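Here the structure is laid out as structure tokens; the discussion comes afterwards.
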Amino acid sequence: MSERDSSSDAYAGDLPEISGLVVSSPGPGVALVEFARPHRRNALDRGLLDGLPGVLRHLNRNDEVRVIVLSGRGGSFCAGGDLAVIGDMRGESPSQAADRMAREFESTAQLVGSAKITLAAVEGPAVGAGLALALACDIRVGGAHTVFAAPFIKMALVPDFGVSWLLARTVGASAALDILLSGRKVYSEEALSHGLLTETAADPLAHALAKAEVFAAAEPAVAAATKRLVRDGLRTDFASALRAEIAHQLDAVRADAFHEHWSAWSSAVRGR
């Protein structure tokens, strides 16, 4: 059963109940999604693989949610797909496998395409699909024991869950190939230097939640537009980026939120 504390009523309703997943609201506008299979280093079993896309879809559609924080319990973020699940792949037909993977990989797509601000609190291993889910978040906070790995090649498999796309855009093609073709582990210090981690903290989850509280105060439409500008700017030219900024800024200055925030901001500045 998916556990929810009393503060998470805003995210209930038709939220799917998934064994091994804890969904709660630690603060206004913040949804915390925790993997809770610590005995398996939070590896994704069949229930999680099937159910996680629906949970993320629900949170993305909920106007009360402004920030999504992804984490894992018991000192691990997510060790990727459970070995039993990976072994079952051999008995599928190509069409069955393709349909299943399209459903499962939607978890990453829900994070990449989210209009919400997304954070990953990465303590311990983030492997395979776990690496993908972390990289799909806007910001990643790690700790001293954070370790990333994509060991697909060691099983004679190619990267999946969007790892090839996400990793190359995070660290560059050459560094991505080094990590993927070797299947090696990337520890906290190197991860920080490569941009796999945004920052590190003694308590990654507490630090991520503190950041989430700040982010939750941002106007949702403006936060979503800012995300869109940054992501689209990575694959467009400067002139197009300027045009996009103008279009979004015109929308922003005509919104009531701007007038409210500007009044409060200007009053505070004058009072200094």
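Numbering (our numbering), first residue to last: 2 to 273. Built from N, CA and C at the ideal position, the CB exists for glycine as well. Predicted model only: the values in this text are computed from it and were never measured.
Under the three-state DSSP convention, the category R101 falls into: Position 100 of the sequence shown, counted from the start, is the residue given in the question as residue 101. DSSP places R101 in helix when its eight states are reduced to three.
Strand pairing of D79, partner residues [DSSP]: Taking the first residue of the sequence shown as position 1, residue 79 is located at position 78. The sequence shown places Cys at residue 79, not Asp. Paired residues: A127.
Is DSSP giving G58 helix, strand or coil here? Translated into positions along the sequence shown, residue 58 becomes position 57. Per the sequence presented here, residue 58 reads as Arg, with Gly not at that position. R58 falls in the helix class under three-state DSSP.
Should I118 go down as buried or exposed, given a rule of 16 or more other Cβ atoms within 10 Å for buried? Numbered from 1 along the sequence shown, position 117 holds the residue referred to as residue 118. Looking at its Cβ environment, which holds 16 or more other Cβ atoms inside 10 Å, I118 is buried.
The alpha helix (DSSP H) spanning A44 covers which residue range? Position 43 of the sequence shown, counted from the start, is the residue given in the question as residue 44. No alpha helix (DSSP H) contains A44, which DSSP labels as neither H nor E.
How should S267 be labelled, buried or exposed, when 16 other C-beta atoms within 10 angstroms of its C-beta is the threshold for buried? The residue you call residue 267 lines up with position 266 of the sequence shown. Per the 10 Å Cβ criterion, exposed.
Between L22 and the ligand SAM, is there a pair consisting of the residue's CB and a ligand heavy atom that are separated by less than 7 Å? The ligand SAM is not among the ligands present in this structure, which contains no ligands whatsoever.
Please list the segments of the alpha helix (DSSP H) lying wholly inside the region 119-197, counting only runs of 4 or more residues, in order along the chain. 130-136, 164-172, 174-183 and 189-195
How do the region 23-40 and the region 72-90 stand: do at least 3 beta-carbon pairs fall below 8 Å, yes or no? yes
Give me whichever residues DSSP pairs with S25 in a beta bridge. Position 24 of the sequence shown, counted from the start, is the residue given in the question as residue 25. Answer by DSSP bridge pairing, in chain order: L33.
From E246, R141, A217 and V56, residue whose alpha carbon lies closest to that of H195: Taking the sequence shown and counting its residues from 1, one reaches residue 195 at position 194. When each option's Cα is compared against that of H195, the closest is R141.
Please name the residue, chosen from L181, D83 and G55, that lies closest to S41 on a Cα-to-Cα basis. Within the sequence shown, numbered from 1, the residue matching residue 41 stands at position 40. Ser is not the amino acid found at residue 41; the sequence shown has Arg there. Nearest C-alpha to R41: D83.
What span of residues does the alpha helix (DSSP H) with I247 cover, start to end? Walking along the sequence shown from the start, residue 247 turns up at place 246. F239 to V254 is the extent of the alpha helix (DSSP H) around I247.
For T199, does the three-state DSSP call read helix, strand or coil? The residue labelled residue 199 in the question sits at position 198 within the sequence shown. Three-state result, T199: coil.
Is I69 helix, strand or coil by DSSP? Counted from its first residue, the sequence shown places residue 69 at position 68. Looking at I69 - three-state DSSP - the assignment turns out to be strand.
Rounded C-alpha distance that separates K228 from I69: On the sequence shown, position 227 is the one that residue 228 refers to. On the sequence shown, position 68 is the one that residue 69 refers to. Looking at the two C-alpha atoms, the distance is approximately 14 Å.
Considering R232, what are the terminal residues of the alpha helix (DSSP H) in which it resides? In the sequence shown, the residue the question calls residue 232 occupies position 231. Segment P221 to G234, the alpha helix (DSSP H) holding R232.
Contacting residues, own chain, Cβ-Cβ under 6 Å from F149 (five flanking each side not counted): Position 148 of the sequence shown, counted from the first residue, corresponds to residue 149. The answer, listed in chain order, is A127, L132, V187, A192 and L197.
Relative to the alpha-carbon of F200, which residue among L60, L16, A145 and Q111 has its alpha-carbon at the smallest distance? Working through the sequence shown from its first residue, we reach residue 200 at position 199. The sequence shown places Glu at residue 200, not Phe. The shortest C-alpha separation from E200 is found at A145.
Since F106 is in the alpha helix (DSSP H), which residue starts that stretch and which ends it? On the sequence shown, residue 106 is found 105 positions in, with the first residue counted as 1. No alpha helix (DSSP H) contains F106, which DSSP labels as neither H nor E.
Is it the case that the region 211-223 contacts the region 167-179, given that we only count it when at least three CB pairs across the two stretches are under 8 Å? no
Beta-carbon proximity list for A176, same chain, < 7 Å, skipping 5 on both sides: Residue 176 sits at position 175 when you count from the first residue of the sequence shown. Hits under 7 Å: H195.
In this structure, how does DSSP classify L50 when only helix, strand and coil are distinguished? The sequence position of residue 50 within the sequence shown is 49, counting from 1. Residue state, collapsed to three classes: helix.
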